[in-house]
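Sequential numbering of the sequence shown, starting at 1, is according to the UniProt record's numbering.
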Amino acid sequence: MKLSHVQLKRQKRRENRKKSREKKKLWNQMNESLALTCKTSTDTSSKKCLKEDNKFAKKTSQIFLSGDKNERDMMEQKAKKKETKLPKLTQTSSPEASEAIKSPQKAKKKAKRLKEEGKPLAEKSIHADSTGLSSPEKRSLDQSKEQPASAKRLKTKKLVEKRELNVVSGSGTTAGFDLSSPQNLFESIISPVSYEQFFDEYWEKKPLIKRNDAAVLEAYKALFSRDVLKKLLKKHDIQYIRDVNVCRYVNGKRESLNGTERATCKQIDKLFDQSKATLQFHQPQRFQDKLWQLCSLLECLFGCLVGANVYMTPPGSQGLAPHYDDVEVFILQLEGRKHWRLYTPPVDLPRDYSRDLEQDSIGQPTHDFVLEAGDMLYFPRGTVHQADTPAGSQHSTHVTISTYQQNSYGDLLTPTLPMLVQTVMDRDVEFRKGLPVGTLSTVGIPMGQDSPDMKSHLQKLLVSLADQVASSSAPLLAPELLQDFMSNRLPPYYKDTSETLASPKGSSPNLNSFVKMRFPGYMALCLQTPETEETDDEEDKNGTDDDAEGDEDDDEDGTDDDDDDSDEEEDEDDSEKDDDEEDDDDEEGGKADREKCCTQGTCCTSSTGSDVSDLEWVYLYHCLHNRREEHMMDSSSGQLHGLKFPAKFLPVLQKLLKMGRDDSVQVKDLGLESEDKVQVATYLWAEGLIEIC
């Protein structure tokens with residue numbers, strides 16, 4: 001009899017219910033066996049293993065109920081493997097425990113009989129031996145169990161970060177920043193990475209992340225905060241764009257939200273809280289003493305300008321598009337958290353910063369991480385990066401300390417090579433020989449196979465130039481980079497604002513006075529070569545040409561010769577007046593030797609005892625008169641300050657600059673004639689560069 005569709009469905013349901021009852025019965029039997037085993041073992045580790053077996057049995061039951069044959073076969077194989085592993089966990093257990101696992105009913109009866117007879121159930125032996133570990137191993141295991149699971153996970157995460165992100169933990173110091181010297185300050189920032197290790201492994205090579213401790217966090221917080229920004233807005237004339245830049249990065253585009261007037265707290269709060277804009281505060285070291293102290297000391301260390309920018313970003317927001325910079329970057333996370341992504345540099349150590357980059361053009365990030373308050377991040381110039389504040393957290397504040405902008409070998413050689421060629425031309429005839437006939441007619445065409453002789457000769461000249469540079473004992477580096485640095489760097493940090501930094505202290509020195517340098521890290525020596533006859537001839541030639549042009553103009557204007565005679569008389573009067581002024585200067589003790597210098601010289605990099613017989617003047621540059629308020633804010637160069645001495649004073653000045661802050665020397669031991677000793681000491685004292693001990 002053929003069954004109907006409804007009858008077939010009912011029959012199938014009955015069969016399924018029957019199978020379900022059978023599988024549930026099997027499941028209950030497994031649970032009873034496992035439950036009894038748990039009761040007979042009080043050891044934590046054994047319970048953990050049995051709990052895992054319980055989970056395994058539950059999963060097995062679910063698969064049996066699902067009716068998938070392949071999965072059933074797979075789970076049966078896993079069950080067999082677990083059965084073979086169980087003896088390893090219980091191989092040192094007591095016979096009672098083994099019997100309880102094999103035959104639960106017999107174990108119940110035996111336990112009841114032992115209880116009636118008053119005999120122990122041997123639970124202690126089960127507890128002592130069920131782990132199968134020796135006593136030292138168990139102590140280690142217990143210690144690890146006492147650690148919370150979150151601590152274990154955190155430890156594992158840090159290990160991964162150290163391997164993939166070059167993460168180091170905090171220094172453990174309690175002082176925060178060590179301001180005793182430039183190098184000590186830098187070491188306190190990068191610690192526990194050593195000074196040598198940082199420049200060998202990380203500098204200009206790869207990023208470094210340092211996770212800090214509570215003491216360092218307190219030092220970071222003192223640098224800048226949102227409350228500090230509000231105080232600055234109320235106290236100072238903070239202008240949009242010049243002092244603070246307001247922007248946000250939305251839908252792949254950067255938007256500028258700057259105003260046109262003075263920035264106020266009300267405006268900034270609205271832009272920050274409602275518009276979710278990032279606040280970029282330029283060069284906060286102009287207002288914050290702690291950052292002034294940090295940047296000025298780091299300038300002493302690096303020998304080039306060190307700037308800073310503060311970035312405040314609200315939660316769930318990003319301020320800047322992906323880009324790369326032309327500076328070495330140190331990021332100190334002051335408040336909140338910041339999510340960073342770093343990408344492969346398209347150009348290694350670029351000289352210029354990039355425009356805003358498109359997301360699809362930068363590839364996948366090489367590093368993806370979150371900085372917490374108190375953390376430090378370093379990455380080389382050229383590293384593409386972007387950062388956002390995670391949603392649901394507080395706002396983020398970090399300060400970016402940057403340096404080494406256009407401070408490469410190429411930047412040094414650009415002004416130096418012309419001077420080197422000019423120097424070598426004066427003493428090597430090969431550099432003065434004429435070019436091949438017709439060379440200038442092909443100046444704009446690259447040298448190809450048709451001019452091998454020209455290429456070969458230029459190569460020989462360059463090799464000769466390098467050889468002469470290596471064998472020369474005279475200083476050969478052009479001073480442009482040094483002069484730019486000294487005229488624009490920060491003055492030394494100084495607490496006493498009641499008087500100028502360069503004011504002389506105490507009475508003037510004498511031969512018996514002990515003196516010491518006040519700010520040795522904020523000075524530099526520079527030698528100036530004497531003016532050559534060729535330079536004088538060129539000036540005379542230019543003056544003659546100007547006079548000739550002036551005569552032509554006079555003729556066109558219809559003037560007569562009497563005007564020329566009167567001009568000559570005026571020139572004679574001016575000449576006599578200049579001579580008188582020069583005599584007056586000599587009578588006043590050589591004031592010209594102390595004039596402020598802004599002229600071009602030759603950078604002094606030679607050691608004490610170098611041959612300076614052909615050099616006329618040595619300049620001692622300093623930055624005590626530099627204005628902190630103008631640091632890194634104007635593209636034009638600042639004023640160059642310093643003293644000018646005869647070249648014979650160079651060894652003495654070098655010795656003084658090498659002295660430490662606490663080192664002193666008696667004036668009579670300066671290594672000059674008595675009059676010169678007092679004169680040099682007096683000039684330095686009057687400029688505020690030394691003090692009497």
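Ideal placement from N, C-alpha and C gives every residue a C-beta, glycine not left out.
Under DSSP, M425 forms no beta bridge with any residue. Inside the UniProt domain "JmjC" (283-420), DSSP marks whole alpha helix (DSSP H) runs of 4 or more residues at positions 289-302, from first to last along the chain. For M659, there is no enclosing beta strand (DSSP E), as DSSP marks it with neither H nor E. In this structure, L294 sits away from L232, with a CB-CB distance that is not shorter than 9 angstroms.
Counting along the chain, W617 sits inside the beta strand (DSSP E) bounded by residues W617 to H622. Rounded to whole angstroms, the gap between the alpha carbons of D375 and L670 is 48 angstroms. Here A478 carries a coil assignment [DSSP, helix/strand/coil]. Look at the beta carbons and you see the segment 395-404 touching the segment 299-319: at least three pairs across the two are nearer than 8 angstroms. Around the Cβ of C623, a 10 Å sphere holds 16 or more other Cβ atoms; the residue is buried. Annotation: the continuous beta strand (DSSP E) that includes R248 extends over V244 to V250. Beta-bridge analysis with DSSP links G642 to Y621. Looking at the DSSP output, K253 sits in a beta bridge with V250. C693 counts as exposed, since fewer than 16 other C-beta atoms from the protein chains shown sit within 10 angstroms of its C-beta. Residue pairing from DSSP places I690 in a beta bridge opposite M517.
With a contact defined as Cβ atoms closer than 8 angstroms, E299 and R337 miss out at about 30 angstroms. Contact between L657 and M517 holds, since their C-beta atoms are separated by about 7 angstroms, short of 8 angstroms.
Of the candidates R226, L349 and N512, L349 places its Cα closest to the Cα of K206. Assigned with DSSP and collapsed to three states, I189 falls in helix. S471 has its alpha-carbon roughly 36 angstroms from the corresponding atom of S296. Counting along the chain, the unbroken alpha helix (DSSP H) around A470 starts and ends at P452 to S471.
If the five residues before and after L501 are omitted, its C-beta is found closer than 8 angstroms to the C-beta atoms of P491, P492, Y494, L624, H625 and G688, all from its own chain and listed in chain order.
Collapsing the DSSP output to three states places L511 in coil. Annotation for G410: no residue places its beta carbon closer than 7 angstroms to its own, counting only its chain and skipping 5 residues before and after. Assigned with DSSP and collapsed to three states, M633 falls in coil, not helix or strand.
Counted as a single uninterrupted DSSP element, the stretch harbouring K231 is not any beta strand (DSSP E) but the alpha helix (DSSP H) occupying residues R226 to K235.
A residue is called buried when at least 16 other Cβ atoms come within 10 angstroms of its Cβ; I190 meets this threshold and is buried. In the displayed model, Q183 falls within a helix according to three-state DSSP. Sorting G638, D227 and V327 by C-alpha distance to the C-alpha of S402 places V327 at the top. Annotated as proximal: C304 and N407, with beta-carbon spacing under 9 angstroms.
The segment 279-287 makes contact with the segment 243-255: 3 or more CB pairs, one atom from each, lie closer than 8 angstroms. The segment 374-388 and the segment 204-221 touch, with no fewer than 3 CB-CB distances between them shorter than 8 angstroms.
Per DSSP, reduced to three states, the secondary structure at K25 is helical.
Cα atoms of Y353 and D634: separation of roughly 18 angstroms, rounded to the nearest angstrom. Less than 9 angstroms separates the beta-carbon of T682 from that of S508. Measuring C-alpha to C-alpha distances from V424 to each of D453, G307 and L461 identifies L461 as the nearest.
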